[in-house]
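Enquirer: Residue numbers (numbering that gives the first Met the number 0), protein chains in the order written: chain A, 0 to 570; chain B, 0 to 570.
One structure coming up, written as C-alpha cells, with questions to follow.
Number of protein chains: 2
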Amino acid sequence: MSRMFGRTLREAPSEAQTPGHQLMLRAAIARPLAAGLYTWLPLGFRVMKKVEQIIREEQDRIGAQEMEMPVLTPAEVWKMTGRWDMLEPITFRTKDHNGREFMVSYTHEEFVHLHAMSEILSYRQMPAMVYHFQSKGRDEVRPRAGLLRAREFVMKDAYSFDLDEAGLEKSYAAQHGAYVRTFQRLGLAAISVESDTGAMGGDIAHEFQVLTAVGDDRIAICPTGDYSANLERATRKIETAGEAFPKAGKSEIATPGATSIEALEALLKLPASAFLKTLLVKDAAGKAVAVVLPGDRSLNEAKLRKRLGVGEIRFAGDADFTAAGSVPGYIGPVGLGAPILVDASVVSGRGYVAGANKKDSHLKDVALGRDFTAEVLDLLHDVVEGDLCPKCGTPLELKRGVEVGNIFAYGTYYAKKMNATYLAEDGTRKLFFGGSYGIGVGRQVQTIIETSHDDRGIIWPFAVAPYEVHVVALPMNDETVRSTAEAFVAALEAKGVEVLFDDRDESAGVKFADADLIGIPFRVTVSKRSLTSKSVELKPRASTEAELVPQNVAADRLVDIVRRAREAAAR
Amino acid sequence: MSRMFGRTLREAPSEAQTPGHQLMLRAAIARPLAAGLYTWLPLGFRVMKKVEQIIREEQDRIGAQEMEMPVLTPAEVWKMTGRWDMLEPITFRTKDHNGREFMVSYTHEEFVHLHAMSEILSYRQMPAMVYHFQSKGRDEVRPRAGLLRAREFVMKDAYSFDLDEAGLEKSYAAQHGAYVRTFQRLGLAAISVESDTGAMGGDIAHEFQVLTAVGDDRIAICPTGDYSANLERATRKIETAGEAFPKAGKSEIATPGATSIEALEALLKLPASAFLKTLLVKDAAGKAVAVVLPGDRSLNEAKLRKRLGVGEIRFAGDADFTAAGSVPGYIGPVGLGAPILVDASVVSGRGYVAGANKKDSHLKDVALGRDFTAEVLDLLHDVVEGDLCPKCGTPLELKRGVEVGNIFAYGTYYAKKMNATYLAEDGTRKLFFGGSYGIGVGRQVQTIIETSHDDRGIIWPFAVAPYEVHVVALPMNDETVRSTAEAFVAALEAKGVEVLFDDRDESAGVKFADADLIGIPFRVTVSKRSLTSKSVELKPRASTEAELVPQNVAADRLVDIVRRAREAAAR
C-alpha cells in the first residue's frame with residue numbers, strides 16, 4: 000500500500016451523488032478525468048478485470064466467440080441503417096484529415112453484420128455468436144453518479160446470427176441464461192424485465208435491473224410476479240369499452256390565459272382526467288404530428304420515439320402551430336391541420352375539454368370518433384403506481400432500478416437494411432436473424448458498491464474483490480511485527496492468495512479505516528498485541544467479530560478459507 | 000472450425016502489401032472495417048491476448064501497476080503542454096454537444112501526470128510505475144501493411160515517476176530490461192537502437208527494432224556493434240576542421256531555369272557536394288526560417304521538427320519568399336531576410352555554389368563565416384550507407400526495421416509545463432521525473448508473422464499460437480474417424496491443452512492447406528489410413544517430417560509435448 004498508485008480519501012468529493020459514487024472515489028477505485036470520463040486506478044482495475052472475466056466465462060460457456068471490433072467506426076456503414084442521424088444527439092463523431100467521418104462506437108450491430116456477410120457464407124456456419132469488450136462513447140447530457148452513467152465505458156456486447164426466428168429464440172434464451180448466471184456470480188440481485196428496444200430496433204427486449212433507490216430507471220412490477228417492465232415499455236390494464244357520444248355537441252368556452260392542465264383544472268373546477276392534452280411534435284421527416292392524451296397522464300417518450308422513428312422527441316415551433324391552424328397553449332384535435340396520434344386510454348365517445356386552436360379558448364364535449372379521428376396507439380402514457388397489471392389486474396408497484404444488462408432480439412432489422420444474407424439450405428439467399436446482448440462493465444462495479452456497503456465502506460463480494468486478504472501490520476516500525484507480517488504475506492502469496500499488504504507508517508485508526516473503506520473480504524492484523532499471544536487477528540469484512548488465530552497455523556487457515564470462498568464464488 | 004467466425008482465404012486481397020499482411024488476412028487473424036481500422040477475428044483475438052499477457056507479465060515483474068485511462072481525453076489538458084496543436088495533423092478530435100473538445104487519445108503522458116499530481120503526494124510514494132492497455136488513434140495519412148501501421152491500435156503504455164534523474168535512469172533501465180524479455184518471449188529478434196524523441200519531448204529514447212525488409216523505419220548500424228540508431232536520430236563522424244576562405248569573393252553566375260541540384264550539376268558540371276541546398280520552412284510561430292545543407296545530402300526532417308518544435312515540417316509559400324527577399328528555386332543564404340540554420344557538415348570557409356535570391360541566378364564561392372552567418376546544427380541531414388560510425392569510424396550499414404517498442408526518458412518535460420510536483424524529503428515541492436514506455440499490441444502480432452512464416456502460411460511461436468494443437472479429422476463423415484478424433488480432442492482438452500478441431504466436411508487438401516496457413520505448432524491427423532495402423536499422424540508446423548504415434552498413447556504424448564513447449568516458452 001505504501002507504493003499503491005491511488006490514495007484513499009477521508010471525505011468524498013462534493014460532486015459524488017450516491018453512496019456508491021462516494022465510496023468508489025474514496026476507496027480509489029476510479030478517478031474522473033473530465034465529466035463522465037473515468038480512469039480505473041490499480042485497485043479498481045483489479046475489480047473491473049474480475050467482473051470482465053466472469054462475464055467472459057459465462058459468454059464462453061454458451062459458445063460465444065471472443066473477438067474485437069474497433070472504437071472508430073465509419074459513417075457510411077451507420078448510414079446504411081439510418082442510425083448515423085438517429086444517434087447524433089448522444090454520440091461523439093470525428094473526421095480524418097481527408098474529411099471521412101467516424102463515430103466513436105455506440106454499439107456494433109452494423110459492423111458485426113458487415114463481418115457476418117463476409118465470414119458466414121452458408122447456413123452450415125450457424126448458429127454463430129460472437130462478443131467483444133470494447134469502449135463505447137455516449138455523449139450523455141448529464142453524466143450521472145460516477146460509473147453508473149459515464150460518457151465512455153467498456154461494454155461487453157455479444158451478437159447472435161441465426162437461420163430463423165426459432166434459432167434466434169434459442170440464442171436469446173442462451174444469453175438470458177448467461178446473464179442470470181453472470182449477475183448471480185457478481186453478487187447482483189438482478190431481475191429480468193421487459194424493456195423498450197430504443198435505438199436497437201426490433202420488438203423483443205429485456206433488461207436486467209437491480210432494484211435500488213439510486214437507479215434512474217423506473218420499473219413497474221406486479222407483486223404477484225407475473226409482470227415486470229421498464230416504465231418506458233410498461234403497459235396497464237385499461238377499460239377498452241367506448242361510451243355513447245355526449246348529448247351536447249362540442250361548444251367553445253372562454254379560457255383566458257389557461258394554457259396548462261393545472262390552470263384549466265383551477266378555472267373550470269374539473270379533474271385533470273376531464274381534459275385532453277394535445278402535444279405537437281415533429282416526426283422523423285420534420286413534419287408536425289399531434290399527440291393526444293388524457294389530461295391526467297404523462298407522455299411516454301420512449302413509445303412516441305419508437306412510433307416516430309426518432310432518437311429524441313423534438314417539439315414543434317410557432318411556425319408549425321401556425322401551419323396546423325393552431326396556437327401554442329390552446330391546441331386541440333378538432334380541425335387541426337396535422338395527423339393525430341391518440342393514446343388508447345382516451346375513451347372513444349366520451350366528451351372531453353380540449354384546446355380550440357385559438358387563443359384563450361377551449362372546446363367542451365369534444366368526442367373522439369365524432370369531433371375528430373386519429374390513429375389510436377396502445378398506451379402512449381406512463382404507467383403510475385397503482386395502475387393495474389396488464390396480465391392479472393393487480394395494482395402495480397413502481398421501483399427504481401439500475402439497468403445492469405440488456406438483451407435485444409431484433410431479428411432481421413439490420414439484415415434487411417444492409418441486405419445481409421447467407422446461402423440457405425434450399426439454395427436461396429436469406430436474411431440473418433440477429434440479436435444483441437450488452438453488459439457495461441463499469442456499471443457492474445459501481446452497482447455492486449451501491450448494493451454492498453455499510454457506513455464504513457465497501458463490502459466486496461469475494462468473486463470481485465480487488466484482493467482476497469488484507470494484511471495490516473501495526474506498527475510497521477516494530478521489527479518483529481514487520482518481519483512476521485512480511486513472512487505471513489509471503490506465505491500466502493506463495494500459495495497463490497491475492498494479498499494487499501498495508502505496510503505504511505500509519506496509525507491503527509487510519510489503517511483500519513482504510514481496510515473497512517476498501518472492503519477486502521478478510522482482514523488479518525499482525526500487531527504487537529496479537530503477537531504477545533502468538534496470534535494474528537482475523538476479521539471478515541462483512542462481520543463485526545474478530546478472532547485470534549495462532550500464528551503458526553494462520554497461513555494455512557487463511558489459504559483454506561480463501562480456497563473455500565473461491566469454490567463458493569465459482570458456483 | 001465448422002463454427003469458427005472467420006474464414007480462411009485462398010488468395011490474399013490485392014491490397015495486401017507485405018507477406019505478413021497477406022497471411023494475416025488469409026488466416027482470418029483480422030479484417031479491415033475501413034482503411035487502417037481492424038477487427039480481431041476470434042483466431043487473431045487469441046493471439047493478441049497471448050501477446051498482451053506476455054507484455055503484462057513482464058510489466059508486473061518490474062513492479063508496474065496496471066490501470067486504465069480513457070480513450071477520450073479533454074483538450075484543455077493537452078493544451079497545458081502545447082500538444083493539442085502539435086498533434087493536430089495526426090490525431091482524431093471530437094466535440095461533445097456542449098462544444099467541449101476531446102482527442103481520441105494519442106498517448107497519455109498529460110493524463111498520467113494529472114493523476115500523479117492527485118495520487119502521489121510525497122516522495123515516500125515513489126518510485127511509481129503504472130501502465131495500461133488502451134486504444135490509440137493515429138490519423139496516419141497512409142495506413143500501411145495491415146496491422147503494421149493502423150489508425151487505431153491498442154498500445155501498452157507505461158509511465159514512471161521518480162524523484163530525480165538517477166531514479167528515472169533506474170526505471171528506464173528496468174523497462175529496457177522488461178522489453179528485452181518481452182520481445183524474446185514473443186519470438187521477436189528485436190534490437191535496441193537510439194531514437195528520436197519525436198512528439199514525446201525530452202532527449203533520451205530508444206526503439207526496439209526488428210530488422211526486416213518490410214519495415215518502414217531505416218536503421219543505421221555499425222557492424223562492430225557499438226552503434227545503432229534510427230535514421231531520424233542517426234549521426235556520423237564528420238571532419239569538423241574548417242577551411243581557408245576561397246581566394247575569390249562570391250560572384251554571380253547565370254543559371255537560367257536551374258532550380259534543382261540535379262539541374263545545376265548538369266549545367267555547371269560540378270558534383271552535388273559543390274552546392275548549398277537552401278530550404279525555406281516555417282517555425283512553430285509560422286515565421287520563415289532557412290535551412291542550409293550540402294547539395295548531396297537530404298534533410299533529416301525529424302531533427303528539423305525537433306529544432307523547430309513542430310509536429311510536421313511546413314514549407315514556406317511564395318509570400319514568405321518575397322518577404323525574405325528571395326524567389327523559389329534560387330534561394331540562398333547570402334543576404335537572405337530570414338534566420339538561417341546550417342547543417343554542421345557544411346564546411347566553414349569552403350566556397351560553395353548557392354542560390355542568389357534572384358531568378359535564374361546563383362552565386363559561386365559562397366563561404367559560411369564570410370558571406371553569411373548561421374546557427375550551426377549538428378547533422379540536420381540523413382546518414383547514408385557507408386557514412387562513418389560516430390563512435391569508431393567504421394562504415395555504417397543501413398537496414399530496414401519495424402519498430403516494435405519505444406521508451407522515452409523525458410524527465411521533467413511534462414511536469415514543468417503542468418507544474419506537476421510532489422513534496423520532497425526536504426519539505427520543498429519538486430517536479431516529477433518521468434518516462435514513458437510503449438508497445439503496440441497489433442504490430443507485434445503482424446511482425447511475428449512477417450518474420451515467422453513460409454510459403455504455405457504462418458509458423459506461430461508456441462507462446463503466442465492461437466491454439467497449441469490442431470486436430471484434423473479425415474474424413475469427418477467416417478464414423479470411426481469422427482468418434483476417434485472427438486475422443487482425442489476431449490482427452491487433450493481435459494488436460495488443459497488448447498485444441499482447434501477441424502471438424503469440417505472438407506477434403507484433405509483443403510484441411511492441410513488451412514492447417515499450414517493458420518500455423519498452429521502441432522498438427523495431429525486422425526484419418527482412415529492412420530487408424531488402419533492404430534495410429535494418428537503428428538506433424539510440427541515448423542518441420543517437414545510427420546510421424547505416426549500409436550493411438551493409445553497419443554493423448555499422453557501430446558500433453559507431454561505441450562507441457563515441454565510451455566516450459567520452454569516461459570523461459
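No residue lacks a Cβ here, since even glycine has one placed at the ideal position from N, Cα and C.
Residues of chain A with a CB under 9 Å from the CB of B:Phe110: which are they?
Expert: Mapped onto the second sequence, residue 110 of chain B falls at position 111. Simply Leu32, Thr38.
Enquirer: Does the ligand MN have even one heavy atom less than 6 Å from the beta-carbon of A:Leu499?
Expert: For the ligand MN, the structure offers nothing, since it holds no ligand at all.
Enquirer: In terms of alpha-carbon separation, which member of B:Glu424, B:His107, B:Asp515 lies closest to B:Ser451?
Expert: Numbered from its first residue, the second sequence carries residue 451 of chain B at position 452. Answer by Cα proximity: B:Asp515.
Enquirer: Does B:Gly256 get closer than 7 Å to chain A when you measure Cβ to Cβ?
Expert: One-based indexing of the second sequence puts residue 256 of chain B at position 257. Interface annotation, B:Gly256: not in contact with chain A, CB-CB separation never under 7 Å.
Enquirer: Report the CB separation of B:Tyr329 from B:Thr258 in whole angstroms; it is logged as a contact under 8 Å.
Expert: Numbered from its first residue, the second sequence carries residue 329 of chain B at position 330. Numbered from its first residue, the second sequence carries residue 258 of chain B at position 259. Going by Cβ atoms, the distance from B:Tyr329 to B:Thr258 rounds to 7 Å, so yes, they are a contact pair.
Enquirer: Anything in chain C within Cβ reach of A:Ser134, meaning under 9 Å, just list it in chain order.
Expert: In the displayed structure, chain C is absent; the protein chains listed are A and B.
Enquirer: Please report the distance separating the alpha-carbon of B:Pro270 from that of B:Thr254.
Expert: Locating residue 270 of chain B in the second sequence gives position 271, counting from the first residue. Locating residue 254 of chain B in the second sequence gives position 255, counting from the first residue. Using only the alpha carbons, I get a separation of about 16 Å.
Enquirer: I think A:Pro460 touches A:Ile447, with their Cβ atoms under 8 Å apart; what is that distance to the nearest whole Å?
Expert: Looking up residue 460 of chain A in the first sequence gives position 461. Looking up residue 447 of chain A in the first sequence gives position 448. Sure, about 7 Å apart at Cβ, within 8 Å.
Enquirer: Grab me the residues of A:Glu311's own chain with a C-beta within less than 6 Å of its C-beta, minus the 5 sequence neighbours each way, in chain order.
Expert: What you label residue 311 of chain A is simply residue 312 of the first sequence in a count that begins at 1. Result list for A:Glu311: Pro88, in chain order.
Enquirer: Could you check whether the stretch 337 to 346 of chain A touches the stretch 235 to 247 of chain A, counting it as contact only if at least three pairs of C-beta atoms, one from each stretch, sit closer than 8 Å?
Expert: Three or more pairs of CB atoms, one per stretch, sit closer than 8 Å, so the stretch 337 to 346 of chain A contacts the stretch 235 to 247 of chain A.
Enquirer: How far does the beta strand (DSSP E) with B:Asp319 in it reach, from first residue to last?
Expert: Taking the first residue of the second sequence as 1, we reach residue 319 of chain B at position 320. Per DSSP, B:Asp319 belongs to no beta strand (DSSP E); it is in the alpha helix (DSSP H), 317 to 322.
Enquirer: Counting only beta-carbon atoms, is A:Met85 nearer than 7 Å to chain B?
Expert: As a position in the first sequence, residue 85 of chain A is number 86, starting the count at 1. Output row for A:Met85: interface = no.
Enquirer: Going by DSSP, name the residue or residues bridged to A:Ser191.
Expert: Start at 1 with the first residue of the first sequence, and residue 191 of chain A comes out as number 192. For A:Ser191, which the question treats as bridged, DSSP gives the partners A:Phe207.
Enquirer: Do the stretch 361 to 375 of chain A and the stretch 315 to 327 of chain A touch if we need at least three Cβ pairs shorter than 8 Å?
Expert: no
Enquirer: Of all the CB atoms in chain A, is at least one closer than 7 Å to the CB of B:Asp138?
Expert: Taking the second sequence and counting its residues from 1, one reaches residue 138 of chain B at position 139. True, the Cβ-Cβ gap to chain A drops below 7 Å.
Enquirer: Mind the definition here: the stretch 396 to 404 of chain B touches the stretch 171 to 191 of chain B only if three or more C-beta pairs lie below 8 Å; say whether that holds.
Expert: yes
Enquirer: For a quick check, are the C-beta atoms of A:Pro73 and B:Glu151 less than 7 Å apart?
Expert: On the first sequence, position 74 is the one that residue 73 of chain A refers to. On the second sequence, position 152 is the one that residue 151 of chain B refers to. Against a cut-off of 7 Å, the Cβ pair of B:Glu151 and A:Pro73 comes out as no contact.
Enquirer: Output needed for B:Asp225: all residues of its chain with C-beta closer than 6 Å, excluding positions within five of it in sequence on either side, in chain order.
Expert: Against the second sequence, residue 225 of chain B aligns to sequence position 226. Within the same chain, Lys390, Cys391 come within 6 Å of B:Asp225 by CB-CB distance, once the 5 residues on both sides are set aside.
Enquirer: Quick check on A:Ser13: does DSSP put it in helix, strand or coil?
Expert: In the first sequence, residue 13 of chain A corresponds to position 14, counting from 1. Here A:Ser13 sits in coil by DSSP.
Enquirer: Check whether the Cβ atoms of B:Gln445 and B:Leu146 lie closer than 7 Å to each other.
Expert: Numbered from its first residue, the second sequence carries residue 445 of chain B at position 446. Numbered from its first residue, the second sequence carries residue 146 of chain B at position 147. It is a contact, given that the beta carbons lie within the stated cut-off.
Enquirer: Quick one: does A:Arg563 have its CB under 7 Å from some CB of chain B?
Expert: On the first sequence, residue 563 of chain A is found 564 positions in, with the first residue counted as 1. Not closer than 7 Å to any Cβ of chain B, the Cβ of A:Arg563 fails to qualify, so no.
Enquirer: Quickly, what does DSSP pair A:Leu71 with across the bridge? List them, please.
Expert: The sequence position of residue 71 of chain A within the first sequence is 72, counting from 1. Answer is A:Val103.
Enquirer: What is the rounded straight-line gap between the Cα of A:Ala568 and the Cα of A:Lys286?
Expert: Position 569 of the first sequence, counting from 1, holds the residue named residue 568 of chain A. Position 287 of the first sequence, counting from 1, holds the residue named residue 286 of chain A. The alpha-carbon atoms of A:Ala568 and A:Lys286 are separated by roughly 55 Å.
Enquirer: Can you give me, in chain order, the residues of the stretch 414 to 432 of chain A that have a beta carbon less than 9 Å from any beta carbon in chain B?
Expert: none
Enquirer: List, in chain order, every chain B residue whose beta-carbon is nearer than 8 Å to that of A:Ser1.
Expert: Counted from its first residue, the first sequence places residue 1 of chain A at position 2. Here the neighbours are Arg123, Gln124.
Enquirer: I'd like to know whether the C-beta atoms of B:Leu22 and B:Ile457 end up nearer to each other than 7 Å.
Expert: As a working mapping, residue 22 of chain B is identified with position 23 in the second sequence. As a working mapping, residue 457 of chain B is identified with position 458 in the second sequence. Cβ atoms of B:Leu22 and B:Ile457: closer than 7 Å.
Enquirer: Indicate the three-state DSSP secondary structure (helix, strand or coil) for A:Pro18 in the structure shown.
Expert: On the first sequence, residue 18 of chain A is found 19 positions in, with the first residue counted as 1. Note: A:Pro18 maps to helix in three-state DSSP.
Enquirer: Give me, in chain order, the residues of the same chain whose beta-carbon lies closer than 7 Å to that of B:Val488; leave out the 5 immediate sequence neighbours on both sides.
Expert: Taking the second sequence and counting its residues from 1, one reaches residue 488 of chain B at position 489. Once the five neighbours on either side are set aside, the close Cβ partners of B:Val488 are Val470, Val498, Phe500.
Enquirer: For the beta strand (DSSP E) that A:Tyr421 lies in, which residues bound it at each end?
Expert: For the purposes of this step, residue 421 of chain A is taken as residue 422 along the first sequence, with counting starting at 1. From DSSP, the beta strand (DSSP E) with A:Tyr421 extends over 420 to 422.
Enquirer: Using a threshold of 7 Å, state whether the C-beta atoms of B:Val440 and B:Glu10 are closer than that.
Expert: Indexing the second sequence from 1 puts residue 440 of chain B at position 441. Indexing the second sequence from 1 puts residue 10 of chain B at position 11. No, these two residues do not count as a Cβ contact at 7 Å.
Enquirer: Please name the residues in the stretch 140 to 166 of chain B whose beta-carbon is closer than 8 Å to at least one beta-carbon of chain A, in chain order.
Expert: Val140, Arg150, Glu151
Enquirer: Less than 7 Å separating the beta-carbons of A:Glu193 and A:Ala157?
Expert: Here residue 193 of chain A is taken as the residue at index 194 of the first sequence, counted from 1. Here residue 157 of chain A is taken as the residue at index 158 of the first sequence, counted from 1. No, these two residues do not count as a Cβ contact at 7 Å.
Enquirer: Name, please, each residue of chain B whose Cβ falls closer than 7 Å to the Cβ of A:Glu65.
Expert: Locating residue 65 of chain A in the first sequence gives position 66, where the first residue counts as 1. Near A:Glu65 (Cβ distances below 7 Å), the residues of chain B are Pro41, Phe44.
Enquirer: In angstroms with no decimal places, state the Cα-to-Cα distance between B:Phe244 and B:Lys169.
Expert: The residue you call residue 244 of chain B lines up with position 245 of the second sequence. The residue you call residue 169 of chain B lines up with position 170 of the second sequence. Distance between the alpha carbons of B:Phe244 and B:Lys169 is about 49 Å.
Enquirer: From B:Gln58, B:Met47, B:Arg2, B:Gln124, pick the residue whose C-alpha is nearest to that of B:Thr420; which is it?
Expert: In the second sequence, residue 420 of chain B corresponds to position 421, counting from 1. Per the Cα distances, B:Gln124.
Enquirer: Under 9 Å between beta-carbons, which chain A residues line up against B:Glu118? List them in chain order, please.
Expert: Position 119 of the second sequence holds residue 118 of chain B. Ordered by position in chain A, the residues that pass the 9 Å Cβ test against B:Glu118 are Met3, Phe4, Gly5, Arg6, Ala27, Arg30, Leu40.
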